[in-house]
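Peer 1:
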Amino acid sequence: MRAIVMGLAVAGMVAASSPAALSAERTIIVLDASGSMWGQIDGKPKLEIARETLRSVLPTIPADRELGLMAYGHRQKGSCTDIELVVEPAAGTAEVIAAAADKMKFLGKTPLSDAVRQAAEALRYTEDKATVVLITDGIETCNADPCALGKELEQSGVDFTAHVVGFGLSRDEGRQVACLAENTGGRYIQASDGQGLNEALSETVAAAPDSARAEQPEKPEPVVLPEAAVTAPDSAPIGSGIEVSWTGPGTGNDYIDIVPAGYDEVSGELAYAYVDRGSPLPIRVPGKVGDYVVRYVWEGPDGRHVLASKPIGVVDSEVALVAPPKVSVGEAFNVEWKGPDSGGDYIDIVPAGYTEVSGEISYFYVEGGNPAKIEAPGKAGDYQIRYILEGPDGRRMLTTIPLEVSDAAVSLAFQPTVGAGEKIDIHWTGPASSGDYLDLVPEGHTEPSGETAYFYIDGSPDGETATMQAPGDAGEYQVRYVLEAPGGRRVMASQPITVTPAAATLRAPEAVETGTTFAVEWTGPRADQDYIDLVPQGHSETSGELAYFYVAQSEDGTAKLTAPEKPGAYELRYVLEAPGGRWVLTRVPITVQ
């Protein structure tokens, strides 16, 4: 829903930037309705923030604006084809779009590229002017390339523009979707919270300009590019780390990158580092021999610009390591290596500046193959990847390259209230390291063990959803993402959840004959292992029953039990089986005669 809200914001922006075309403008908002929208900001689900903002913003859109709504992830879990044109673009659709957003479910994956493509096609972008506004709280999860899509739509469209609004995306995540907008001449807008969403809307949703301005639009002043300079080595071995000294504006999203010689686009770089880390700035050169360019890229008011560049040659080396310059905590990644491969040689990861040839955090013996698969530490920071020679006279480090380990983008999204024993459907993102798991613990529990319930994420059917059962005791709990990585376990994210008391009912005859079969009508949580049993009156244990029936076997809310052969006073009970044990939710007396 944030998608809708921001979309409207940007739609207004388009009107302001192209007033002459306002009356004919047709826009489709592409709304992210994936399960991650259950994630919270300041204790409130993002989808609710978006709905509220949408209801306040839509009425401000000019009445003659032809506006439509496309959504994805709103009908099915785990589907990359769950994309629907919910509202056809037309004038006066504000109330219809708001109502559709209020009713929409948030369930599935993030096929944002295909959704934008379908929206463009619905607007006949190869024939008419068309604007698509994508609002997303996640990156592409369906094996598509948003950057390539942006280039394709720009080349084949008559006058096509895509704007992208990132709601709660990290800076690195934003880079992965910003190119979709930039490659079509659109804008990427970041909104980190509810306030940011409102501010973005107030800045970009504009009233229709007057007719005089529409007839004679003002030509925008050209952007004056600031000065910048970069200094780097003339050459460096494949995969090695270098330091780049720079001068320039130093604004928050400026960065140094490395691209092939002759490459003139401001996306698709081979390596990059943000300048807010200082000067000189460490960066890794590519792993292939060739001619490259080190560049200073400025994030200006009208997009990105290359302010300065310096050529660099990447040369071969007898001993070399080639690996990603930056990985997430716990991430398993490949390291290509060149070296003597003598018996016992290995590649390790150690903290930056560490000089001992023991005490490594993670390692891989090179006899295991090339590339080496190694796992990043569980704590963010600066590290080194090293090639260690195991010689007859001892160990020796032959080469080293820097490695930045960053905290992974971890999110948990689910309905904030659930009944005892019910299933909790969780939409998650995280490093997905081997051994990572989600758990459920009582409020205030801080240890990465002693959980009430858990789910190993490698059991996720689609790599982004999980299901756990709520405990039987009502109360306040936390759902957590626990990273299992070199260095130990670490709680990466935690979200509160309220478990409400479970309720059940039983209806049965007051008396039955010995040995006869009788029906029991029931309602209850219907957890997988819940059952209805028959016990002597006053029996308090949740075992030792005389007869029982698993409720999962019943489709119509009816169970059948057989009365004991011994007359007497008995009880029928509904027993909840949930993490933490068994609970008797209700009981009714029955006489066997």
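Per the numbering used here, residue 2 is the first one in the sequence shown, and the count goes up by one each step. The C-beta atom is built at its ideal place from N, Cα and C for all residues, glycine as well.
How far does the alpha helix (DSSP H) with I50 in it extend, from its first residue to its last?
Peer 2: For this step, residue 50 is matched to residue 49 along the sequence shown. Element bounds for I50: 47 to 58.
Peer 1: State the DSSP-derived secondary structure class of Q530, mapped to helix, strand or coil.
Peer 2: Here residue 530 refers to the residue found at position 529 when the sequence shown is read from its first residue. Residue state, collapsed to three classes: coil.
Peer 1: Assign V225 to buried or exposed, taking buried as 16 or more other Cβ atoms, counted over all protein chains shown, within 10 Å of its Cβ.
Peer 2: If you number the sequence shown from 1, residue 225 lands on position 224. So V225 counts as exposed.
Peer 1: When you compare the CB positions of S114 and G74, do they come within less than 8 Å of one another, or not?
Peer 2: For the purposes of this step, residue 114 is taken as residue 113 along the sequence shown, with counting starting at 1. For the purposes of this step, residue 74 is taken as residue 73 along the sequence shown, with counting starting at 1. Contact: no.
Peer 1: If the criterion is Cβ atoms closer than 8 Å, does the pair V245 and S310 meet it?
Peer 2: Position 244 of the sequence shown holds residue 245. Position 309 of the sequence shown holds residue 310. Their beta carbons are not under 8 Å apart, which means V245 does not touch S310 by this criterion.
Peer 1: Taking only the alpha-carbon atoms, compute the straight-line gap between T430 and T466 and give it to the nearest angstrom.
Peer 2: Counting from one through the sequence shown, the residue named residue 430 turns up at place 429. Counting from one through the sequence shown, the residue named residue 466 turns up at place 465. Cα to Cα, the separation comes out at about 9 Å.
Peer 1: Contact check, V298 vs D255 under 8 Å by CB: the rounded distance?
Peer 2: Residue mapping note: residue 298 aligns to position 297 of the sequence shown, counting from 1. Residue mapping note: residue 255 aligns to position 254 of the sequence shown, counting from 1. Contact flag correct, Cβ pair sits at about 7 Å.
Peer 1: Taking a contact to mean a Cβ-Cβ separation below 8 Å, would you say E514 touches A564 in this structure?
Peer 2: Position 513 of the sequence shown, counted from the first residue, corresponds to residue 514. Position 563 of the sequence shown, counted from the first residue, corresponds to residue 564. The answer is yes: Cβ separation under 8 Å.
Peer 1: Tell me, please, which residues DSSP counts as bridged to E485.
Peer 2: Counting from one through the sequence shown, the residue named residue 485 turns up at place 484. Answer is R490, bridged to E485.
Peer 1: What is the rounded straight-line gap between the Cα of E183 and the Cα of L282?
Peer 2: Translated into the one-based positions of the sequence shown, residue 183 becomes position 182. Translated into the one-based positions of the sequence shown, residue 282 becomes position 281. Cα-Cα distance, rounded: 26 Å.
Peer 1: Over what stretch of residues does the beta strand (DSSP E) that includes G79 continue unbroken?
Peer 2: Mapped onto the sequence shown, residue 79 falls at position 78. No beta strand (DSSP E) contains G79, which DSSP labels as neither H nor E.
Peer 1: Hey, quick one: how far does the alpha helix (DSSP H) through I98 stretch, first residue to last?
Peer 2: As a first step, residue 98 is located in the sequence shown; it is residue number 97 there, counting from the start. Counting along the chain, the alpha helix (DSSP H) containing I98 begins and ends at 95 to 104.
Peer 1: First and last residue of the alpha helix (DSSP H) that includes R176?
Peer 2: Counting from 1 along the sequence shown, the entry for residue 176 is found at position 175. Where R176 is concerned, the enclosing alpha helix (DSSP H) stretches over 172 to 183.
Peer 1: Distance check for V165 and L135, CA to CA, integer angstroms please.
Peer 2: Reading the sequence shown from its first residue, position 134 is the one you call residue 135. Reading the sequence shown from its first residue, position 164 is the one you call residue 165. Computed Cα separation, rounded: 5 Å.
Peer 1: Measuring straight from C-alpha to C-alpha, what distance separates A163 and T137?
Peer 2: Within the sequence shown, the letter at position 162 stands for residue 163. Within the sequence shown, the letter at position 136 stands for residue 137. Going by the C-alpha atoms only, they are around 13 Å apart.
Peer 1: Can you tell me the Cα-Cα spacing of D103 and E53, whole angstroms?
Peer 2: Residue 103 sits at position 102 when you count from the first residue of the sequence shown. Residue 53 sits at position 52 when you count from the first residue of the sequence shown. Answer to the nearest angstrom: the Cα atoms are 9 Å apart.
Peer 1: Quick check on this structure: which residue in R172, A233, P497 has the alpha carbon closest to the alpha carbon of I284?
Peer 2: Within the sequence shown, numbered from 1, the residue matching residue 284 stands at position 283. Closest option to I284, Cα to Cα, is A233.
Peer 1: If F456 sits next to Y438, beta carbons under 8 Å apart, how far is it from one beta carbon to the other, in whole angstroms?
Peer 2: Counting from 1 along the sequence shown, the entry for residue 456 is found at position 455. Counting from 1 along the sequence shown, the entry for residue 438 is found at position 437. Indeed they touch by this definition, with Cβ atoms about 6 Å apart.
Peer 1: Taking the alpha carbon of R305 as the reference point, which residue from I257, T356, Y347, N335 has its own alpha carbon closest?
Peer 2: The residue labelled residue 305 in the question sits at position 304 within the sequence shown. Minimum Cα distance to R305 is reached at I257.
Peer 1: Going by the beta-carbon positions, is the gap between L562 and V521 smaller than 8 Å?
Peer 2: Counting from 1 along the sequence shown, the entry for residue 562 is found at position 561. Counting from 1 along the sequence shown, the entry for residue 521 is found at position 520. In contact: L562 and V521 (Cβ atoms closer than 8 Å).
Peer 1: Which same chain residues end up closer than 8 Å to P90 when comparing Cβ atoms and leaving out the 5 residues on each side of it in sequence?
Peer 2: Taking the sequence shown and counting its residues from 1, the one referred to as residue 90 is at position 89. Around P90: R27, T28, I29, E67, L68, G69, A123, L124.
Peer 1: Of the choices T82, L154, P497, V295, whose alpha-carbon is the least far from that of P46?
Peer 2: On the sequence shown, residue 46 is found 45 positions in, with the first residue counted as 1. When each option's Cα is compared against that of P46, the closest is P497.
Peer 1: Using three-state DSSP, classify P283 as helix, strand or coil.
Peer 2: Reading the sequence shown from its first residue, position 282 is the one you call residue 283. In this structure, P283 counts as strand in the three-state DSSP scheme.
Peer 1: Would P112 pass as a contact of C81 if the rule is Cβ separation under 8 Å?
Peer 2: On the sequence shown, position 111 is the one that residue 112 refers to. On the sequence shown, position 80 is the one that residue 81 refers to. Against a cut-off of 8 Å, the Cβ pair of C81 and P112 comes out as a contact.
Peer 1: Are the CB atoms of I375 and I348 within a distance shorter than 8 Å?
Peer 2: Counting from one through the sequence shown, the residue named residue 348 turns up at place 347. Counting from one through the sequence shown, the residue named residue 375 turns up at place 374. For I348 and I375, yes; Cβs fall inside 8 Å.
Peer 1: Report the rounded CA-to-CA distance for G422 versus Y388, giving the unit in angstroms.
Peer 2: Counted from its first residue, the sequence shown places residue 422 at position 421. Counted from its first residue, the sequence shown places residue 388 at position 387. Near 52 Å, if we compare the C-alpha coordinates of Y388 and G422.
Peer 1: Under 8 Å: do the region 484 to 502 and the region 528 to 544 share three or more Cβ pairs, one atom per stretch?
Peer 2: They do not touch, by the three-pair rule.
Peer 1: Output the distance between the C-alpha atoms of P1 and P472, rounded to the nearest integer angstrom.
Peer 2: The displayed coordinates of the chain run from 2 to 594. Any statement about residue 1 would go beyond what the structure contains.
Peer 1: Buried or exposed for I591, going by 16 or more other Cβ atoms inside 10 Å?
Peer 2: Within the sequence shown, numbered from 1, the residue matching residue 591 stands at position 590. Per the 10 Å Cβ criterion, buried.
Peer 1: What are the uninterrupted segments assigned as alpha helix (DSSP H) that are 4 or more residues long and contained completely in the region 120 to 177, given in chain order?
Peer 2: Counting only runs of 4 or more, we get 147 to 157.
Peer 1: Determine which residues share a DSSP beta bridge with L226 and list them.
Peer 2: Along the sequence shown, read from residue 1 onward, the residue named residue 226 stands at position 225. Its beta-bridge partners do not exist; DSSP assigns none.
Peer 1: What are the complete beta strand (DSSP E) segments, minimum 3 residues, inside the region 556 to 587?
Peer 2: As far as the region 556 to 587 is concerned, its whole beta strand (DSSP E) runs of at least 3 residues are 559 to 563, 569 to 579.
Peer 1: Over what stretch of residues does the beta strand (DSSP E) that includes I389 continue unbroken?
Peer 2: Taking the first residue of the sequence shown as 1, we reach residue 389 at position 388. It spans 382 to 392 - the beta strand (DSSP E) in which I389 sits, taken as one unbroken run.
Peer 1: So, is Y478 buried or exposed, given that buried needs 16 or more other C-beta atoms within 10 angstroms?
Peer 2: Here residue 478 is taken as the residue at index 477 of the sequence shown, counted from 1. Label assigned to Y478: buried.
Peer 1: Once DSSP output is grouped into helix, strand and coil, what is the label at T61?
Peer 2: In the sequence shown, residue 61 corresponds to position 60, counting from 1. Three-state result, T61: helix.
Peer 1: Would you check if the region 259 to 274 and the region 338 to 354 touch, i.e. whether three or more CB-CB distances between them fall below 8 Å?
Peer 2: Short answer: they don't touch.
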